[in-house]
Amino acid sequence: MASKHTIATRHAQGIRARFASRFLRSLLRLRRSGNRFGGSQSNDEGIGKRIRTDRIKIAAYAAMARAVGPRRSWSRALLFKLRNRARIHGVSRKRCLVSEKKRVARNKVVAISREPSRADTLRKLVPGGDSMDTCVLLEETAHYIKCLATQVTVMQSIADRLLL
Amino acid sequence: MRPCSREMQGMNSLLNPSSQIPLQDLQNQQIQNSHFDPNLSSNEDFLEQMLSSCSWADPKSPWDLNPPTNLPFPTNNSSSSAKHRDLFNETPSSNSDSNNVGFRNNFDESVILASKLRQHQISCGNGAAVSDAAKMMLPQQLLMAVARGGLSLNDDIDGSLSQGGDGSIQGLFNGFGAGSMNGTDGASNQSMQHFNHPQGGAMQSPNLGAQGAPATTAVMNQPQASGSNGGAPAQPRQRVRARRGQATDPHSIAERLRRERIAERMKALQELVPNANKTDKASMLDEIIDYVKFLQLQVKVLSMSRLGGAAAVAPLVADMSSEAGGDCIQANDNGGSLARTTNGNQTASTNDNSLTVTEHQVAKMMEEDMGTAMQYLQGKGLCLMPISLATAISTATCHNRTSGIINSHAPMHQSNGEGPTSPSMSVLTVQSMTMGNGGGDGVAKDAASVSKP
């Protein structure tokens, strides 16, 4: 088992660099598009900030997923979800919200009577975790945690660099 | 699983040579060898003596005759004594005369056997575990004897086969007792039954043990210990029996493999997640879940703090594309060797370019309004300070990893001779100053209010 862990850490440097470059590029793109839409964001401050937060967050996850590549199940699932969301987002946001609510309600009606076990909670957290058995789920969780940690450190360093 | 007792299986094996039960192998072994005596271990003196006294004309022939013709025994392994009774009920009806004749010859010998056995049991008494084990073995020998002699000893057996579920051997005993000992029924039957009960209990307890419990195998196979066995918790000639606590069932093997893989992965996760000193799998999973939630929350928070800093992304990205992620990560990255090694050469030049631009802008702004200039600098993460202080700091922190930035800033300013209004000032990155502080919250607020040039 140690071999698996060492292999994972060897790729960490590569992932970090790739993620950082992608993320910064997407941040720049966001800034440009933000400038284009509204010079002064004073009127819509609250919602505007939330939208920007979400966009930055999505950009971060997308950059990470692309940096990892389609090798991992969770990155594939994440990319798929983002692509779907982009597509639905383009069509109509309202329709998307409605369908979300319906889906949630339907799930509640057909809800599983037993309380969600720990594995189920983990499946909800890790992208694409629904269609995995426990063994694979644990493996994907390990890689996902590693990538999340690198994502956080890179974003933190960028934030420190930018804001200071 | 084995719902039926071993004796029942023995019965089945007698009639279905294809079944795989220890007892059957026992008997097969015996039949193949066709020499009963050498196979016995020294424990079985009594039996030896018993069996040697009998003359087995041709042990094989009654065996061959019996199973296919006489006994339409059901092939499933249900352990009801009713079925056992049925077996015995059917045999007299289905027996052909010639077979009966052959059986009768052996019947006498079996009767002799049975009587001697009973006497031995009565003399031995009940209760001791060892004796119980011996008694367990004896009835199996008796069972084989019955096989030899044919299963025609059934005339009076039916009525006495009301013992219970696991009582095939006991039923046989009762049958023998009833069939052969007509005179001494009362007392002998009582003693037989008493004997049978503890025997049944003793038989049951190893049977209740796990599949493949060595106790049962040891008991079953001690009489046949000669053939293939070496050790005491032996692997006899039957299908491979796993060690105690494990099983050879393919399902359980797969289950075991799956459990081991999960344990492996949990161990790998334990190294990743901090505070992973939990030994319990459930609490470990809880830790993992909490850590994933925490990381996702951190990403969300960091994306919120980005809002004010988008202005300064452009020069950073320009640097990034040329340096391949060097400088921006270099400051806070403990192991950021990638940029330093690859593009260390370009660092100074590109920094100089961006700083020249910044300087010109600052100069322009300073001409018009000092306040906005200061704010602009703070937004960039820069501040104004006297050159003497700057040089002092740069020489002091020459070995620091942020010194690259400081050095590139300071000499350039001095060389330019660029004249801010007060020539004693120079620009120094705030970052180097706030490295010790560690927090940038106060500066962030200022940065948010910077007016873009």
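If you're matching them up, the sequences are chains A and S in order. First residue of the first sequence: 1, per full-length UniProt numbering; consecutive thereafter. First residue of the second sequence: 1, per full-length UniProt numbering; consecutive thereafter. For glycine and all other residues, C-beta sits at the position ideal for the given N, C-alpha and C. Treat the numbers as computed from the prediction; the structure is a model and nothing was measured.
Query: I'd like to know if the stretch 255 to 274 of chain S and the stretch 127 to 140 of chain A are in contact, where contact means that at least 3 CB-CB pairs between them fall below 8 Å.; Result: yes
Query: Any beta carbon of chain S sitting closer than 8 Å to that of K81(A)?; Result: no
Query: Is M266(S) close to chain A, meaning its C-beta is less than 8 Å from at least one C-beta of that chain?; Result: yes
Query: Please report whether the beta-carbon of residue 168(A) lies at a distance below 8 Å from any beta-carbon of chain S.; Result: In this structure chain A extends from 1 to 164, so residue 168(A) is not present and cannot be described.
Query: Within a Cβ cutoff of 8 Å, which residues of the same chain sit near A276(S), ignoring the five residues on either side of it in sequence?; Result: L269, Q270, M284 and E287
Query: Can you name the start and end residues of the alpha helix (DSSP H) that M132(A) belongs to?; Result: Here M132(A) belongs to no alpha helix (DSSP H), and DSSP marks it neither H nor E.
Query: Using 10 angstroms around the beta-carbon of L148(A), count the other beta-carbons present and answer buried if the total reaches 16, otherwise exposed.; Result: buried
Query: Which value, in whole angstroms, describes the spacing of the CA atoms of G34(A) and D160(A)?; Result: 22 Å
Query: Round the Cβ separation of A65(A) and V154(A) to the nearest angstrom and send it over; I've been treating them as touching at under 8 Å.; Result: Not quite, the Cβ-Cβ distance comes to about 14 Å (not below 8 Å), so this is no contact.
Query: State buried or exposed for S388(S), treating a residue as buried only when at least 16 other CB atoms are found within 10 Å of its CB.; Result: exposed
Query: Chain S partners of V68(A), CB-CB under 8 Å?; Result: Within chain S, no residue comes near V68(A); the closest Cβ sits about 15 Å away, beyond 8 Å.
Query: What is the DSSP secondary structure of V301(S), counted as helix, strand or coil?; Result: helix
Query: Judging by CA-CA distance, which residue of W74(A), P116(A), Q156(A) and G90(A) is the nearest neighbour of G128(A)?; Result: W74(A)
Query: Using the rule of at least 16 other Cβ atoms within 10 Å of the residue's Cβ for burial, across every protein chain shown, is T279(S) buried or exposed?; Result: exposed
Query: Considering just the uninterrupted stretch of the alpha helix (DSSP H) at P250(S), what are its terminal residues?; Result: P250 to L272
Query: What separation, rounded to the nearest whole angstrom, lies between the Cα atoms of F23(A) and S394(S)?; Result: 32 Å
Query: Is it buried or exposed for L27(A), if we count other Cβ within 10 angstroms and need 16 for buried?; Result: buried
Query: Would you mind telling me which residues of chain A sit closer than 8 Å to D286(S), beta carbon to beta carbon, in chain order?; Result: R118
Query: Would you tell me roughly how many angstroms separate the C-alpha atoms of R36(A) and R55(A), rounded to the nearest one?; Result: 15 Å
Query: Return helix, strand or coil for D280(S), following the three-state DSSP convention.; Result: coil
Query: If the cut-off is 9 Å on Cβ atoms, which residues from the stretch 288 to 303 of chain S count as contacting chain A, listed in chain order?; Result: I288, I289, Y291, V292, K293, L295, Q296, Q298, V299, K300, L302 and S303
Query: R261(S) versus chain A: which residues are under 8 Å apart at the beta carbon?; Result: C135
Query: Interface residues of chain S around A60(A) at Cβ under 7 Å?; Result: V299 and S303
Query: What's the C-alpha gap between A390(S) and A396(S)?; Result: 10 Å
Query: Between V68(A) and the rest of its own chain, which residues show a CB-CB distance below 7 Å, the 5 nearest in sequence each way excluded?; Result: I15, S75 and C147
Query: Would you please verify whether the beta carbon of L148(A) is less than 8 Å from any beta carbon of chain S?; Result: yes
Query: Tell me which residues share the same chain as L79(A) and place their Cβ nearer than 8 Å to its Cβ, disregarding the 5 neighbours each side in the sequence.; Result: A62, A65, R66 and P70
Query: Around the C-beta of H292(S), are 16 or more other C-beta atoms found within 10 angstroms, so that it is buried, or is it exposed?; Result: Sequence inspection shows Val at residue 292(S); the His mentioned does not correspond to that position. Buried, by the Cβ-count rule.
Query: Which stretch, first to last residue, makes up the alpha helix (DSSP H) that contains R114(A)?; Result: Where R114(A) is concerned, there is no enclosing alpha helix (DSSP H), given that its DSSP letter is neither H nor E.
Query: Quick check on the burial criterion: 16 or more other C-beta atoms within 10 angstroms. Buried or exposed for R87(A)?; Result: exposed
Query: With a 10 Å radius around its C-beta and 16 neighbouring C-beta atoms as the bar for buried, classify T248(S) as buried or exposed.; Result: exposed
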